[in-house]
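Novice:
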Amino acid sequence: MTIGEVLAHLRVEFTGLSVSKIRYLESEGLVSPTRRPSGYRRYSWADVTRLREVLSAQRDEFLPLRVIKERLSAPQEHAAPAKPVRAVPSPTRYSRGEIIARSGLSEERLRELEALGLVGPELDDHDLGVASLAAALSGYGIEPRHLRGHRQAADRDLALIGQITAPLRHRRDVEAEVVAAELAELSAALRSALVAKGLSRDAARP
5 MTIGEVLAHL
15 RVEFTGLSVS
25 KIRYLESEGL
35 VSPTRRPSGY
45 RRYSWADVTR
55 LREVLSAQRD
65 EFLPLRVIKE
75 RLSAPQEHAA
85 PAKPVRAVPS
95 PTRYSRGEII
105 ARSGLSEERL
115 RELEALGLVG
125 PELDDHDLGV
135 ASLAAALSGY
145 GIEPRHLRGH
155 RQAADRDLAL
165 IGQITAPLRH
175 RRDVEAEVVA
185 AELAELSAAL
195 RSALVAKGLS
205 RDAARP
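If you're matching positions, the sequence shown starts at 5 in the numbering used here and goes up one per residue.
(1) I believe D161 touches S142 by the beta-carbon criterion, under 8 Å. Please report the beta-carbon distance rounded to the nearest angstrom.
(2) What three-state label does DSSP hand R40 in the structure shown?
(3) If V58 and L29 are in contact, beta carbons under 8 Å, what's the gap, nearest whole angstrom?
(4) Whole angstroms are fine: how far does the CA of V183 sit from the CA of A119?
(5) Just grab the DSSP bridge partners of D128 for me.
(6) Do you know how far the Cα of R75 is from the Cα of L151?
(7) Report yes or no: do three or more beta-carbon pairs, one from the region 161–175 and one from the region 108–128, lie closer than 8 Å?
(8) To the nearest angstrom, how far is the alpha carbon of L21 from that of A140?
(9) Considering I26, what are the terminal residues of the alpha helix (DSSP H) in which it resides?
(10) Measuring straight from C-alpha to C-alpha, what distance separates I103 and L122?
(11) Cutting at 7 Å between CB atoms, please list the residues of its own chain near P148, excluding the five before and the five after it.
(12) Could you check where the alpha helix (DSSP H) with S77 kicks off and where it finishes?
(13) From which residue to which residue does the alpha helix (DSSP H) around H174 run?
(14) Here's the rule: buried if 16 or more other CB atoms are within 10 angstroms of the residue's CB, otherwise exposed. What is H13?
(15) Could you tell me if L203 is buried or exposed, where buried requires 16 or more neighbouring beta carbons within 10 angstroms of its beta carbon?
(16) For E189 and R209, what's the separation of their Cα atoms in angstroms?
(17) Since E118 is in the alpha helix (DSSP H), which residue starts that stretch and which ends it?
(18) Look up A91 in the DSSP assignment and say whether it is helix, strand or coil.
(19) Going by Cα to Cα distance, which pick from T53, R45, V71 and P37 is closest to S196?
Set out below in structure tokens:
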């Protein structure tokens with residue numbers, strides 16, 4: 005899952021959680037998402053569980069990250085063998101109230117996202133991820149109207165991906181959906197690299 009989806013799942017319990025906090029915990033070695041060949045991070049349910057343990061220890065026991073990391077790394081000598089647990093997927097559809105509660109968005113901001121075509125008309129896991137990221141960005145003064153360009157860029161990516169994968173949908177030896185997902189991740193990684201390049205260039209200016 006993406007970092008937006010991780011944020012959506014955990015923000016219900018940890019309302020102050022942000023993308024930057026998850027990135028920080030990753031930099032400290034407390035969670036290690038896998039990376040696709042494109043460099044795009046993918047989080048598993050095990051990563052979500054580990055993040056929940058870290059955040060709970062910080063909130064409930066006021067433990068520093070060093071101690072939490074040592075605790076999680078310590079072998080459990082007397083613990084009973086863990087039984088495999090099958091992750092239960094979150095609901096695929098959400099009500100407006102659920103989106104607001106889980107993402108931290110206000111009703112007004114959700115309406116703005118809907119008006120701009122950034123979420124809806126049926127609210128699902130993807131919309132929850134968008135709403136959670138929009139809520140995190142709002143902490144920096146970025147409003148839904150500022151995200152219009154992201155919607156336009158996504159539409160351009162979708163059009164290009166559609167052109168590339170259309171011929172593949174008639175072939176049995178190629179999963180068009182897999183190719184589309186890989187192209188989407190490559191596009192996202194490219195945008196991230198371009199932004200990072202721009203920030204580096206700006207920082208180097210006198």
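We put the CB at the ideal spot given by N, CA and C, even for glycine. None of the values given here were measured: they were computed from a predicted structure.
Specialist: Taking the definition as stated:
(1) Going by Cβ atoms, the distance from D161 to S142 rounds to 24 Å, so no, they are not a contact pair.
(2) coil
(3) 6 Å
(4) 31 Å
(5) R97
(6) 41 Å
(7) no
(8) 9 Å
(9) V23 to S31
(10) 13 Å
(11) R113, E116, L117, L120, L122 and A138
(12) L69 to S77
(13) Run containing H174: none; DSSP gives neither H nor E here.
(14) buried
(15) exposed
(16) 31 Å
(17) E111 to A119
(18) Because A91 sits at a pLDDT of 42, beneath the cut-off of 50, its placement in the model cannot be relied upon, and the point is left open.
(19) R45
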